[in-house]
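K.L.:
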DNA sequence: CCAACGCCTGAATATATGTTCATGTGTTTA
DNA sequence: TAAACACATGAACATATATTCAGGCGTTGG
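Chains as they are written, first to last, in the numbering used here: chain G, 1 to 117; chain Z, 1001 to 1117.
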């Protein structure tokens, strides 16, 4: 038992139990957190916002966020693993594009939040 | 100059410049990333989802996420600093509630994303 | 075929994040 | 008023995350 948590006096057990039941499953919560993690970095936001408008090669994306191709490549791998972007090879170059319509809305919502304060 | 980025052959400079102009300011991007960071943890998601429905004391919240009051208190401080929650003292206890309507929508969007895959 | 190019990847490093532990603060109550 | 309670906080620790560096892979052009 965790002695830091008051067991008797203050916990509204029925309410807490009710809320616990209403909460999504652990897997859903973890997956949701993972999506938000992908959006929780200014450079990845730049990448996603650009890819929401245009298909772009790694080179272009590196220029866009003013960093190395290597760093961008690492970030893109995360976004690929999260299935937020797709890539396509054309000769020596690899083009990326957004592959998740939900994320487009999350981006807009998030930006509005920040802009409106 | 960064030699990792191909300077001449592949960068579509006009396109990149155009996209750069369309991107939000640095401050907006940072603020947006900060909001998403707050949502990028399963326990904080639990806290916010519960607080979206009910005003709750720290004790209840600790029970809800099955952790120590101290850990929850640290998390709540982050959420307060980000102005996502408000608190109110009533005697010995402190009650928290959601203080950001945008976040309610972000939570719903994020969950739907995870549930639909 | 091989050298140049665009991109990817693993290891190392620096920094950020989350929890625990000990202690401090404000309030009530015995 | 002193102890008990609910909560907050700072430091220490463990883990996660982002960038850099060195080198590798696949493709193309000479």
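Think of the CB as a built atom: it goes at the ideal place given N, C-alpha and C, for glycine as much as any other residue.
So residue 87 (chain G) is in the beta strand (DSSP E); what residue range does that whole segment cover?
P.N.:
Counting along the chain, the beta strand (DSSP E) containing residue 87 (chain G) begins and ends at 85-90.
K.L.:
In chain order, what residues of the same chain lie with their CB nearer than 8 Å to the CB of residue 46 (chain G), ignoring the 5 residues before and after it?
P.N.:
64 and 65
K.L.:
Would you say residue 1081 (chain Z) reaches chain G, if we count a Cβ-Cβ gap shorter than 7 Å as a contact?
P.N.:
no
K.L.:
Given the structure, does residue 51 (chain G) come close to the ligand NAD, in the sense that its CB is under 6 Å from one of the ligand's heavy atoms?
P.N.:
The ligand NAD is not part of the structure shown, which contains no ligands of any sort.
K.L.:
Looking at residue 1052 (chain Z) and residue 1112 (chain Z), is the spacing between their C-beta atoms short of 7 Å?
P.N.:
no
K.L.:
Does the distance from the C-beta atom of residue 1062 (chain Z) to that of residue 41 (chain G) stay below 7 Å?
P.N.:
no
K.L.:
For residue 114 (chain G) versus residue 1028 (chain Z), is the C-beta distance shorter than 7 Å?
P.N.:
yes
K.L.:
Report yes or no: is there a C-beta of chain Z within less than 7 Å of the C-beta of residue 115 (chain G)?
P.N.:
Chain Z has a Cβ within less than 7 Å of the Cβ of residue 115 (chain G).
K.L.:
Considering only the beta carbon of each residue, do residue 1020 (chain Z) and residue 49 (chain G) sit closer than 7 Å?
P.N.:
At least 7 Å separates the beta-carbon of residue 1020 (chain Z) from that of residue 49 (chain G).
K.L.:
Could you name the residues of chain G that residue 1087 (chain Z) contacts, counting a contact when the two beta carbons are closer than 7 Å?
P.N.:
Those within 7 Å of residue 1087 (chain Z) in chain G number zero; the least Cβ separation is about 15 Å.
K.L.:
From the DSSP output, which residues share a beta bridge with residue 38 (chain G)?
P.N.:
Answer is none; residue 38 (chain G) lacks a bridge partner.
K.L.:
Spell out whether any CB of chain Z is found under 7 Å from the CB atom of residue 46 (chain G).
P.N.:
yes
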